[in-house]
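Undergrad: The numbering of the sequence shown is this note's numbering, which starts it at 1 and goes up by one. Beta carbons: idealized from backbone N, C-alpha and C, even for Gly. Pasting a structure here, questions to come.
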Amino acid sequence: MLASRRSAGALLALAALSAPFTDPHAALAAQAARGAAAADSMSRKQSATSRPSTPPLSRSSGAAADTAALGPSIAGLTWRSIGPAVMSGRIADLAIHPGTPRTWFIAAASGGVWKTTNAGTTFTPVFDAQSTYSIGAITIDPNNPNVIWVGSGENNYQRAVGYGDGVFKSIDGGATWKNVGLKKSEHIGRIVIDPKDSDVAYVAAQGPAWNGGGERGLYKTTDGGVTWARILGGGEWVGVNDVQMDPRNPKILLATTQVRQRRVWGQVSGGPESAIHRTTDAGATWTKVTTGLPTEELGRIGLAISPKDPDVVYAVMEAANEKGGVFRSTDIGASWSRMSNTSTSGLYYAEITADPHNADRVYLVDTYNMVSDDAGRTFRRLGEQYKHVDNHVIWIDPGDANHYLVGSDGGLYESFDKAASWNFFPNLPLAQFYKVAVDNSEPFYRVYGGTQDNATFGGPSRNSTVHGVSNADWQMVVFGDGFSVQVDPTDPNTVYGEWQNGGLVRHDRRTGENTGIQPQVGPNEAPNRWYWDSPLLISPHGPTRIYYGSQRL
1 MLASRRSAGA LLALAALSAP FTDPHAALAA QAARGAAAAD SMSRKQSATS RPSTPPLSRS
61 SGAAADTAAL GPSIAGLTWR SIGPAVMSGR IADLAIHPGT PRTWFIAAAS GGVWKTTNAG
121 TTFTPVFDAQ STYSIGAITI DPNNPNVIWV GSGENNYQRA VGYGDGVFKS IDGGATWKNV
181 GLKKSEHIGR IVIDPKDSDV AYVAAQGPAW NGGGERGLYK TTDGGVTWAR ILGGGEWVGV
241 NDVQMDPRNP KILLATTQVR QRRVWGQVSG GPESAIHRTT DAGATWTKVT TGLPTEELGR
301 IGLAISPKDP DVVYAVMEAA NEKGGVFRST DIGASWSRMS NTSTSGLYYA EITADPHNAD
361 RVYLVDTYNM VSDDAGRTFR RLGEQYKHVD NHVIWIDPGD ANHYLVGSDG GLYESFDKAA
421 SWNFFPNLPL AQFYKVAVDN SEPFYRVYGG TQDNATFGGP SRNSTVHGVS NADWQMVVFG
481 DGFSVQVDPT DPNTVYGEWQ NGGLVRHDRR TGENTGIQPQ VGPNEAPNRW YWDSPLLISP
541 HGPTRIYYGS QRL
């Protein structure tokens with residue numbers, strides 16, 4: 001039996017196999033539950049646009065690299081996608097073609113890069129053959145939109161996090177890619193390109209999460225990625241999270257450093273070397289900016305230069321003693337004023353976006369997107385109805401102030417009415433599966449998987465239609481973040497699943513009933529300490545014997 005962790009994030013099956021394959025945070029949006037209950041419609045409150053009610057799942061081009069890694073005995077076998085896309089997965093970044101606004105690149109935290117040339121009617125995976133599927137940043141060259149830069153490795157570091165393999169570059173619109181270095185960076189937060197010279201690029205390398213050293217800091221190339229020079233950095237645990245460039249003068253840049261260190265028992269996410277730095281000579285010299293900023297130790301910092309007025313810069317930052325929040329500069333980052341104490345988690349968000357139409361309008365991605373219309377003094381929720389929570393990137397159309405794209409834990413969303421309503425794209429099979437299992441159903445065995453922030457779903461390995469498995473074939477069995485899932489080997493209608501921190505459930509497929517069966521402690525016993533992803537196993541010798549682990553088994 002075989003396992004797959006394909007870049008698409010969808011479940012894939014080997015087309016030539018008839019036997020089962022197996023094993024290849026923290027809110028679940030109501031969207032996912034509604035989607036599972038009404039999967040045949042495939043549409044979330046369609047508003048300003050009209051999309052097919054049952055769009056085809058975007059298909060992976062294959063899994064040659066993964067198959068080869070599993071050994072020569074199966075190297076000739078091919079994979080087929082069985083979805084699902086009724087929910088989607090974590091979007092890390094977006095890049096929109098500046099001259100062809102129907103062409104988008106979608107960067108997934110652990111799903112590679114996808115491209116659409118028809119504003120999302122269809123998506124094509126364009127990164128499947130590369131050495132990593134974990135993406136932190138994607139940028140289109142403003143001088144030549146056929147040139148795409150990708151920074152691999154997730155740009156967040158909460159709980160499980162996928163590391164990357166450096167910087168990749170395409171010169172043909174994503175058809176082919178070349179790794180251009182910084183392979184020891186592991187996590188990349190941002191890439192910016194000089195609008196006057198395509199050979200000049202800057203990469204914010206966060207560096208390894210679990211080890212010191214590596215390639216961390218701000219790196220610059222002047223030859224299109226052939227060679228790199230580290231132009232800003234610090235100690236062995238100091239990386240660069242963000243870099244922004246003055247669109248009028250590419251010699252002026254702002255970059256943020258952060259002390260970051262992961263350990264099994266805890267982490268450090270700030271310190272004296274966390275700061276905003278400014279250069280006016282393209283990185284030859286740097287000034288640590290302190291005017292108007294907290295004197296306390298800082299954590300993660302996100303930056304945004306206003307496209308409407310580039311003298312205006314926003315920062316969202318963590319700081320000790322509750323001194324963080326949103327800060328604003330009116331002199332391209334030389335000095336700052338604290339606008340509010342509103343902040344976001346540096347582990348999972350800490351990104352800020354300036355509206356291209358209004359220099360006083362600024363957005364924070366967070367569990368719920370937030371927007372300020374008064375230069376960051378006050379914030380309110382952006383419309384989130386019928387949309388998944390936990391947001392990571394927002395794009396505001398420079399040609400239409402009402403048009404947004406948002407990438408979240410639950411996939412890609414679009415609004416044409418300034419977030420009053422949203423369209424979900426149910427054709428991006430990007431769910432992040434923790435674990436999968438299969439049952440003994442006939443004639444087609446069913447595949448179950450627990451996903452990051454998108455519940456536990458089950459669907460058939462194939463069906464009898466000529467179109468193959470679709471979203472309508474998949475059902476949610478347990479809500480929340482899904483992890484381990486097991487099926488009674490003698491009764492495929494009995495499914496065991498869990499949500500975060502030990503929420504164990506028995507699901508009856510015939511009735512849809514869920515029964516909580518989390519083990520409880522006895523009198524005078526210490527409470528159970530459940531892991532985020534608690535281990536679950538059914539005994540192969542007796543299906544009524546279930547093993548479940550906290551600090552106890």
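What does DSSP give as the partner residues of threonine 451 in its beta bridges?
TA: Answer is Phe433, bridged to threonine 451.
Undergrad: Whose C-alpha, out of Gly333, Val495, Gln500, is nearest the C-alpha of arginine 506?
TA: If we check each option's Cα against that of arginine 506, Val495 comes out closest.
Undergrad: Could you name the residues of the same chain whose beta carbon sits closer than 7 Å to that of serine 550, not counting the 5 residues immediately before and after it, in chain order?
TA: Same-chain partners within the cutoff: Gly502, Asn528, Arg529, Trp530, Ser534.
Undergrad: Below 7 Å CB to CB, which residues in the same chain sit around glutamine 486 once its five sequence neighbours on both sides are set aside?
TA: Cβ within range, chain order: Ala437, Tyr496, Leu536, Leu537, Ile538.
Undergrad: When you compare each of Gly299, Gly173, Glu498 to glycine 482 by their alpha carbons, which one comes out closest?
TA: Taking only the C-alpha atoms, the option nearest glycine 482 is Glu498.
Undergrad: According to DSSP, simplified to helix, strand and coil, what is isoleucine 193?
TA: Three-state DSSP puts isoleucine 193 in a strand.
Undergrad: Taking its Cβ as the centre, do 16 or more other Cβ atoms sit within 10 Å of serine 58, making it buried, or is it exposed?
TA: Residue placement at serine 58 is poorly supported in this model, since its pLDDT is 49, which falls under 50; the coordinates still yield a value, given next. Serine 58 should be labelled buried.
Undergrad: Using a Cβ distance threshold of 8 Å, determine whether the segment 240 to 250 contacts the segment 182 to 195, with at least three qualifying pairs required.
TA: Yes, the segment 240 to 250 touches the segment 182 to 195.
Undergrad: Express the C-alpha separation of threonine 78 and histidine 467 in angstroms, rounding to a whole number.
TA: Going from the Cα of histidine 467 to the Cα of threonine 78 covers about 18 Å.
Undergrad: Measuring only the C-alpha atoms, how far is glutamate 296 from glutamate 322?
TA: Going from the Cα of glutamate 296 to the Cα of glutamate 322 covers about 9 Å.
Undergrad: Might you give, ordered along the chain, the residues of its own chain that have their beta carbon closer than 7 Å to the beta carbon of proline 145, omitting 5 neighbours on each side?
TA: Closer than 7 Å at Cβ, skipping near neighbours: His97, Pro98, Gly99.
Undergrad: Go through its chain and collect everything with a Cβ distance to proline 540's Cβ below 6 Å, but skip five positions before and after it.
TA: So the list is empty, once near-sequence residues are dropped.
Undergrad: Over what stretch of residues does the beta strand (DSSP E) that includes aspartate 93 continue unbroken?
TA: Unbroken beta strand (DSSP E) run through aspartate 93: 91 to 96.
Undergrad: What are the boundary residues of the beta strand (DSSP E) that includes arginine 116?
TA: Residue 116 is actually threonine in this sequence, not arginine. Threonine 116 -> beta strand (DSSP E) spans 113 to 116.
Undergrad: Cα separation between lysine 251 and serine 198?
TA: Cα to Cα, lysine 251 sits roughly 14 Å from serine 198.
Undergrad: Is it true that the CB of isoleucine 301 sits closer than 9 Å to the CB of threonine 353?
TA: No.
Undergrad: Can you give the Cα-Cα distance for methionine 554 and alanine 420, rounded to whole angstroms?
TA: This structure cannot settle anything about residue 554, because the visible part of the chain is limited to 1 through 553.
Undergrad: Are there any heavy atoms of the ligand GDP lying less than 8 Å away from the beta-carbon of tyrosine 219, as far as the coordinates show?
TA: The model depicted lacks the ligand GDP and carries no ligand whatsoever.
Undergrad: Should the segment 447 to 465 be regarded as contacting the segment 406 to 425, the criterion being three or more beta carbon pairs within less than 8 Å?
TA: The segment 447 to 465, when compared against the segment 406 to 425, does touch it at the 8 Å Cβ threshold.
Undergrad: Run through DSSP, which three-state label would isoleucine 332 get?
TA: If DSSP states are grouped into helix, strand and coil, isoleucine 332 belongs with coil.
Undergrad: Does the beta-carbon of glutamine 206 have 16 or more other beta-carbons within 10 angstroms, so that it is buried, or is it exposed?
TA: So glutamine 206 counts as buried.
Undergrad: Residues in its own chain within less than 8 Å of asparagine 463 by CB, not counting five upstream and five downstream?
TA: Here the set comprises Phe444, Val469, Asp473.
Undergrad: Using C-beta distances below 6 Å, list every residue in its chain close to tryptophan 149, excluding the 5 sequence neighbours before and after it, in chain order.
TA: Counting only Cβ-Cβ distances below 6 Å, and skipping sequence neighbours, we find Thr139, Lys169, Ile191.
Undergrad: In angstroms with no decimal places, state the Cα-to-Cα distance between alanine 64 and threonine 490.
TA: Confidence in alanine 64 is poor, its pLDDT being 43 and thus under 50, which makes the residue's placement unreliable; the coordinate value appears in the next sentence. Those two C-alpha atoms are separated by around 35 Å.
Undergrad: DSSP state of alanine 472, grouped into three classes?
TA: DSSP places alanine 472 in helix when its eight states are reduced to three.
Undergrad: Is serine 131 closer than 9 Å to aspartate 172 when the C-beta atoms are compared?
TA: No, these two residues do not count as a Cβ contact at 9 Å.
Undergrad: In chain order, what residues of the same chain have a beta carbon less than 7 Å from the beta carbon of glycine 542, not counting five sequence neighbours either side?
TA: Around glycine 542: no qualifying Cβ.
Undergrad: If you run the structure through DSSP and keep just helix, strand and coil, what is asparagine 241?
TA: Here asparagine 241 sits in strand by DSSP.
Undergrad: Taking only runs that begin and end inside the segment 110 to 172, name each unbroken beta strand (DSSP E) of 3 or more residues, in chain order.
TA: Taking only runs of at least 3 residues, the beta strand (DSSP E) segments lying wholly in the segment 110 to 172 are 113 to 116, 135 to 140, 148 to 152, 167 to 170.
Undergrad: Buried or exposed for proline 125, going by 16 or more other Cβ atoms inside 10 Å?
TA: By the neighbour-count rule (16 or more Cβ atoms within 10 Å), proline 125 is buried.
Undergrad: In whole angstroms, give me the CA-to-CA distance for valine 289 and valine 447.
TA: The straight-line gap from Cα to Cα measures roughly 53 Å.
Undergrad: With DSSP as the reference, label asparagine 427 as helix, strand or coil.
TA: Coil at asparagine 427, not helix or strand.
Undergrad: For arginine 552, does the count of other Cβ atoms within 10 angstroms reach 16, so buried, or fall short, so exposed?
TA: With fewer than 16 Cβ atoms within 10 Å of its Cβ, arginine 552 is classed as exposed.
Undergrad: For serine 421, which three-state DSSP category applies?
TA: Looking at serine 421 - three-state DSSP - the assignment turns out to be coil, as it is neither helix nor strand.
Undergrad: Using the Cα positions of tyrosine 386 and tryptophan 422, report the straight-line distance between them to the nearest angstrom.
TA: Cα to Cα, the separation comes out at about 7 Å.
Undergrad: Checking the sheet assignment: what are the DSSP bridge partners for aspartate 590?
TA: Here the chain has residues from 1 to 553 only, and residue 590 is not among them.
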